[in-house]
Every structure is written in structure tokens, then in C-alpha cells.
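Presented below is the structure to which this report refers.
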């Protein structure tokens, strides 16, 4: 006869197994932007960009070489071409690994117990509308295959895309691929977060596509590169944000960073000078780590962290502190441990807590452990640095 203790043990095991299988899971995929544009920009490539005829050109070959150089992988969340899981244990500093660590730290802060799987989606990085459409088809199929692997284990994770610059436009094109090639599919992108994306008229309507369940579009007034895509289809310049009639699932956020005014040696300031300095992040500072050779200010309040690593905080704060607002401004003041929130067309402002100084410092120190100049990485770093020009990653 089975004892009551054994029955209780069996019941507890059954419920434990059910609890494990019911654990919420997310696939988080980081999608990078264009590569090598600055070092390949010339009058010759200018015409190719306007005509969108870059196949077989030296520009395409140069970007392919840049794309395969591992030094590029040290400064941002980027890996090889295709959908690649982020793992640890690399002998060289890996931007995707530390980015995932930082991102997961904040995810666990606001959604503890959720299991997160981190990936990168690597694409060519070419500045081409047609190429981004082709890459979106490859991305869609890669997502299908990964979801099938989970489904064989009866696991159905939610999907989160975190994209930078034209990686956002590539991801929006998933809606086009759904319409043209896979209308029978039912999976959705539960969260699409785009940071520093040039908003283009040609595909801005895709934010309404049902494949995207929730969308955040984050931009900065200090990002002067975002609008300078002169090769956008249907319009001369890109835009910083979406306009017109927009779905309620879209929240747009302008990022600002304020730092205390500091006296600079050699410059005389009034004795009563007080206030804050605008440090709104530039295009590179949105996504890259501070050890990138150019265009990341060493005096930035959150150095060397990319602003994208704070996206979990930004999304959580937007949804909990002002859920009805469709366009918010985040004025982040790390030195005061607060954020001043304001909404478009509203005079109301809200002051909400930011991460504490201790938390920010801990994140900065964790990132610094992966600085390519660390002794454990220095040999690998110097070898990689000698193989690529400083402009090639931009």
C-alpha cells in the first residue's frame, strides 16, 4: 500500500514539473545597423546609393570584408551572419556577450524569474533598401526554424527584437515577408524596440502590421546621423519619428541625458553658474560601447554603456508610469538618480526614479571588465586593431 508521504512526494514532483514547463520564456534578438558607410563614402558610391545598385561593387566587397572582421564584434552586439545564439567563453572581448549580460540584468530586475535566450541576427550591413528586404526574408526563415526547435520540446517562447538604426527597417520588413510569403503563419513579434532608426515613409505603415504586438521607437535629439539617410525611398531625408495616424501599440520616446555643469580648466565661468549640460546621446552612443575609437564622448554620464542597454528600464517605466502616453520624453539625470518624464502635447511632468548611483556604477564596472584593453584581452585586441581602420565599423 502506497503511503501518504509517497503520494505527497509524487504530487509535489508533478506540480514542480508543471511549474518548470510553465515558466515564461523569451527569445531576445539584437539586430545591428549598417556597416562601413563612412570609410566607403565617395562620389562613386553616392550614385550607387541613390540608384540602389550596389551588387558587385567595391563597396559591397569592402563591407563584406569589414563584416567578417572580429574586431567589429568587440564594440557592439554583433556576431556572424544569420541568427546566432550568444554564448560566453570567447578568448577575445565580445560585445554581444557583455551587452546580453547588461540587458538581462535589467530584464530580471523588472521581470524576475523569466527565462531569456539571447541571440544576434547578423546581416550584410549594406546601405540598400532592396538588400534589407532580401535580408528580412532570410531573417523570417531563421525565426521560423528557431521556433520549430522550441516547439519540438513543446516550448513556445515570446519574441523580442531590439534593433539599431537600419536594423529596425530590416525588422519592419518582416511584415512584408509575412504578407507575401507566409500569410498562414500565426507567430507574432511580442516586442519590437527600435533605437536610432531612420524613419522612412516607404515602410512606416508597417508599424500597423499585426505581426508586431508592441512597438517602441526610441530616438535622441543628439543623434544627427539618424535623419541624414539621403537615400531613403520615396523621400529625400529620413525622419526622427513616425507621424500621422499611428496605432496605440506604438510608443515613441525621445531620450535626453543631463549632467551637472562642471568647470573646465582654462575656461572661466560665472561664479554663480549652475545647472545641467545636455548630453543627449549621438548615433554611436545609442548602441556602441565607450571603447569604440570615435564618436563616443568619454565624459558622457553613463560612459561606457550604450543607451540601448537601458531599454528594459525605459520600456518598464513607460508602461508603468505613463501607459496611456504615445509619445514621451525621458530626461535622464543619473547624478540625481531620477528621470523627468513629459508627454507630447501635455504640460504635465512626472519625476520617477532612475537606477541608483550604485547600480549604474556596478553596470559600468561590469562593462569595463570586457574592455579590449584589459590585460587578458590585450594580445587579441592589438592583433585585431591592426587589421581594420577606425572608421570601418560605422
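In the working numbering, the protein residues as written are 108 to 501.
Glycine residues also receive a C-beta, built at the ideal position from the N, C-alpha and C atoms.
Because the structure is a prediction, the values reported are computed rather than measured.
Cβ separation of residue i and residue j, assumed to be a contact under 8 angstroms, to the nearest whole Å
i           : j           : result
residue 233 : residue 298 : Between residue 298 and residue 233 the Cβ distance is about 26 angstroms, and since that is not below 8 angstroms, they are no contact.
residue 334 : residue 345 : 5 angstroms
residue 434 : residue 415 : Wrong, their Cβ atoms sit about 19 angstroms apart, outside the cutoff.
residue 478 : residue 398 : 5 angstroms
residue 138 : residue 236 : At roughly 16 angstroms, the Cβ-Cβ gap does not stay under 8 angstroms, so residue 138 and residue 236 are not in contact.
residue 410 : residue 391 : Actually they are not in contact, since the Cβ atoms of residue 410 and residue 391 sit about 12 angstroms apart, beyond 8 angstroms.
residue 262 : residue 132 : 6 angstroms
residue 396 : residue 469 : That belief does not hold up - the Cβ atoms of residue 396 and residue 469 are roughly 16 angstroms apart, past 8 angstroms.
residue 227 : residue 296 : Actually they are not in contact, since the Cβ atoms of residue 227 and residue 296 sit about 16 angstroms apart, beyond 8 angstroms.
residue 229 : residue 188 : 4 angstroms
residue 231 : residue 170 : 7 angstroms
residue 325 : residue 302 : 4 angstroms
residue 214 : residue 223 : 6 angstroms
N- and C-terminal bounds of the beta strand (DSSP E) containing residue i
i           : result
residue 363 : 357-367
residue 438 : 434-440
residue 267 : 265-271
residue 253 : No beta strand (DSSP E) holds residue 253; the alpha helix (DSSP H) holding it covers 236-258.
residue 301 : 298-302
residue 547 : For residue 547 there is no data in the structure shown, the boundaries of the chain being 108 and 501.
residue 132 : 132-138
residue 459 : 456-460
residue 191 : 189-192
Boundaries of the alpha helix (DSSP H) in which residue i is found, first to last residue
i           : result
residue 502 : The chain is shown from 108 up to 501; residue 502 falls before or after that span and cannot be answered.
residue 428 : 418-428
Simplified DSSP assignment, three categories, for residue i
i           : result
residue 346 : strand
residue 126 : Residue confidence for residue 126 is low, a pLDDT of 46 falling below 50, so the modelled location carries little weight; the figure read from the coordinates is stated next. Helix at residue 126.
residue 312 : helix
residue 283 : helix
residue 181 : helix
residue 224 : strand
residue 380 : The predicted position of residue 380 is uncertain, since its pLDDT is 49 and thus under 50; a value taken from the coordinates is nonetheless stated next. Coil at residue 380, not helix or strand.
residue 445 : strand
residue 209 : helix
residue 150 : Legend: pLDDT at residue 150 = 48, less than 50; position of this residue unreliable, no value from coordinates given.
residue 274 : helix
residue 229 : strand
residue 507 : Since the first and last residues shown for the chain are 108 and 501, residue 507 lies out of range.
residue 170 : helix
residue 292 : coil
residue 218 : coil
residue 415 : helix
residue 176 : coil
residue 142 : coil
residue 431 : coil
Status (buried if at least 16 other CB within 10 Å, exposed otherwise) for residue i
i           : result
residue 201 : buried
residue 361 : buried
residue 453 : exposed
residue 273 : buried
residue 406 : exposed
residue 432 : buried
residue 384 : exposed
residue 380 : Residue placement at residue 380 cannot be trusted, given a pLDDT of 49 that sits under 50; the coordinates are not used to answer.
residue 293 : exposed
residue 204 : buried
residue 252 : exposed
residue 207 : buried
residue 195 : exposed
residue 150 : Any reading at residue 150 needs caution, since the residue's pLDDT is 48, under 50, leaving its predicted position unreliable; the model's value is listed next. Exposed, since its Cβ has fewer than 16 Cβ neighbours within 10 Å.
residue 286 : exposed
residue 472 : exposed
residue 243 : buried
residue 480 : exposed
Problem set entry | the region 451-459 in contact with the region 423-436 per 3-pair CB rule at 8 angstroms | yes
For this session: Could you tell me whether the region 262-277 touches the region 171-178, where touching means 3 or more Cβ pairs closer than 8 angstroms?
Result: no
Exercise. Is the region 276-287 touching the region 412-427 in the sense that three or more CB pairs, one from each, lie closer than 8 angstroms?
Worked result: no
Exercise. So does the region 318-332 actually touch the region 349-360, counting three or more Cβ pairs closer than 8 angstroms?
Worked result: yes
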